[in-house]
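Worksheet for the structure shown next.
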Amino acid sequence: MHTESSMDLLVKKGALAQTKLVAPAQPPLGKGEVRLKVDLFSLTANNVTYGAAGDFLKYWQFYPSGEEGWGRVPVWGFATVTESTSAAANVGERVYGYLPMSDTFVVKPGEKKNGAFADHSAHRQGLAPVYNNYVLNAGDALYAKDTEAMQVLFRPLFTTSFLIDDFLADAGFFGASQVIFSSASAKTSYAAAQLLKARGDVKVVGLTSTSNVAFTKGLGFYDDVLPYEAIGGMDGSAPSVFVDIAGNAGVRTAVHAKFGDSLKYSCAVGATHWDAPRQDQMPAGPAPKMFFAPDVVKKRIGDWGPAGFGQKVGAAWAAFLPTAARTTHVVESVGLEAASRVFADLASGLGDPKDGHVVRLD
Numbered sequence: 114m115h116t117e118s119s120m121d122l123l124v125k126k127g128a129l130a131q132t133k134l135v136a137p138a139q140p141p142l143g144k145g146e147v148r149l150k151v152d153l154f155s156l157t158a159n160n161v162t163y164g165a166a167g168d169f170l171k172y173w174q175f176y177p178s179g180e181e182g183w184g185r186v187p188v189w190g191f192a193t194v195t196e197s198t199s200a201a202a203n204v205g206e207r208v209y210g211y212l213p214m215s216d217t218f219v220v221k222p223g224e225k226k227n228g229a230f231a232d233h234s235a236h237r238q239g240l241a242p243v244y245n246n247y248v249l250n251a252g253d254a255l256y257a258k259d260t261e262a263m264q265v266l267f268r269p270l271f272t273t274s275f276l277i278d279d280f281l282a283d284a285g286f287f288g289a290s291q292v293i294f295s296s297a298s299a300k301t302s303y304a305a306a307q308l309l310k311a312r313g314d315v316k317v318v319g320l321t322s323t324s325n326v327a328f329t330k331g332l333g334f335y336d337d338v339l340p341y342e343a344i345g346g347m348d349g350s351a352p353s354v355f356v357d358i359a360g361n362a363g364v365r366t367a368v369h370a371k372f373g374d375s376l377k378y379s380c381a382v383g384a385t386h387w388d389a390p391r392q393d394q395m396p397a398g399p400a401p402k403m404f405f406a407p408d409v410v411k412k413r414i415g416d417w418g419p420a421g422f423g424q425k426v427g428a429a430w431a432a433f434l435p436t437a438a439r440t441t442h443v444v445e446s447v448g449l450e451a452a453s454r455v456f457a458d459l460a461s462g463l464g465d466p467k468d469g470h471v472v473r474l475d
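Quick note, the numbering used here runs 113 ahead of the 1-based positions in the sequence shown.
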C-alpha cells in the first residue's frame, strides 16, 4: 500500500504566474493501475502554451486538479514505476512521456506494444494519443542516459518543429517565398528554422524582442532577424507564411496588416506571450489557423507507417542533438518549489533564451 505523501504543483488558470503546492489524497491503486514517481522534467515556453491553451486544446484534462480555477500544467520528462497492478509495467521500469508537475501520479496502462503503453484512464479518453503514450526507456530508440536533459528539453519541442517544417514543405509553403517566425528565440521556433533553412527553399525570418536579437542572430538559423518594432519596415509584397509561436495579438495584427493578401498562410502554433492583450477583431489577410501537432502526426503515420515516422523523426533528432547542446545552457533545479519559481518566471516572460530549465525530483 502506498503511504508516502505526494505534492502537486497547481497553476492559476488565466494568471499563469500564480502557483501553489497542494497535498492530494493518495488512494491505493486499483486493478490494472500503475503509480510512477516523477524523476526529471523540463520547463519551457511550450509549457506556458499548454497553460494558455489549456481550455481550448484540453491540456487541463490530462491531470485534473479537482480545484476550480486551478490546473496542473503537463510537462515532458522521465518517471519510474514504484507500484503496479498492471502487466504492462513493472516496478523499477522507467518511462518517457507526458507527466504532471507532481511527486507521483497514477496511470492505467493498456496493452504494452512496441516498448510503450497508453494511459487508458477514463478522464483521458478522447484526448490526443500522442500525449497519452509512455515509452519505456529500455526499448526507446531516442533514449540515451547521457542526454537526458536534452531529451526532456528538446524532444517534445523538436517533434513540433519537425512537424512544422514537414507541414509547410508538404504544402509547398503555400506558394510563399519566405517563412516568418514570431518568438524566434524560442526553441520550437529555431529548431524549425534550422530545418527549413537546410531545405534552402524559402527565406527564413525571425521576429523577436530587442533584447533577444543578438542571441537569435548568433544561432545562424535565420536569414534575417528583426525586433518586433521593425515589422513596419518589412517588404510587405513578399509572399509569406507566418508561423506564430508568440500568440501575441499585437504582433499578429502587425504582421497581417503589413503583408495583407501577400500572407499566404498564418499558422498559430503557440502562446509564449499568453499575457499580451487580446484583440477581438480579425486581422487583415488569411484567418490564422491553429497548428495541432497530433493531427500532423496522425497523417504522417498514415503516410509512412509508425516505424517510418519514428525513423524520420529519429534521424532528424540525432542530427539536431549537437545543435541542442551548442545553443543551450542547462539549468537544473531540484524540487517542486523550485519548479514553481521557474514556471512563474517563464510565464512572466523573464526567461533567458539560452537557458534550458530542467527540474529533478528526489
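Ideal Cβ placement from N, Cα and C applies to all residues, glycine included.
Looking only at D374, E261 and F294, the smallest Cα-Cα distance to A438 is reached by E261.
Ranking D408, R365, L240 and P419 by CA distance to the CA of F280 puts D408 first. Apart from the 5 residues on each side of it in sequence, S453 sits with its Cβ closer than 6 Å to the Cβ of L122 and T132 in its chain, given in chain order.
Per DSSP, the continuous beta strand (DSSP E) segment holding Y378 begins and ends at L376 to A381. In the structure shown, the three-state DSSP call for F275 is helix. Counted as a single uninterrupted DSSP element, the beta strand (DSSP E) harbouring E445 occupies residues H442 to V447.
Sequence-distant Cβ neighbours of G349 in its own chain, meaning closer than 8 Å and more than five residues away, are K371, F372, G373 and S375. DSSP, reduced to helix, strand and coil, places I358 outside both helices and strands of the structure shown, so it counts as coil.
As for any beta strand (DSSP E) of minimum length 3 sitting wholly inside the segment 184 to 258, the runs are 187 to 197, 207 to 213, 217 to 220, 229 to 231 and 246 to 249, ordered along the chain.
Counted as a single uninterrupted DSSP element, the stretch harbouring Q139 is not any beta strand (DSSP E), since DSSP gives it neither H nor E. The segment 457 to 473 makes no contact with the segment 172 to 180, as fewer than three CB pairs between them are under 8 Å. DSSP, read as helix, strand or coil, puts V315 in coil. Boundaries of the beta strand (DSSP E) harbouring F154: V147 to L156, taken from the DSSP string. A direct Cα-Cα distance of roughly 15 Å separates A431 from A305. Put simply, the backbone Cα of A429 is about 8 Å away from that of F275.
DSSP, read as helix, strand or coil, puts G469 in strand. Under the DSSP definition of a beta bridge, M403 partners with A381. Selection Y341, V443, F433 and G164 evaluated against S322 yields Y341 as nearest (Cα-Cα). For L153, the closest alpha carbon among the candidates L449, S461 and P466 is that of L449. Counting C-beta pairs with one atom in each stretch, the segment 261 to 273 and the segment 179 to 194 have three or more that are closer than 8 Å, which means they touch. The three-state secondary structure of P177, taken from DSSP, is coil.
Ranked by Cα distance from P396, the options M214, H369, V204 and V455 are led by H369. For A254, the CB contacts under 8 Å within the same chain, skipping 5 residues up- and downstream, are G423 and G427 in chain order. Here L123 carries a strand assignment [DSSP, helix/strand/coil]. In the displayed model, F287 falls within a helix according to three-state DSSP.
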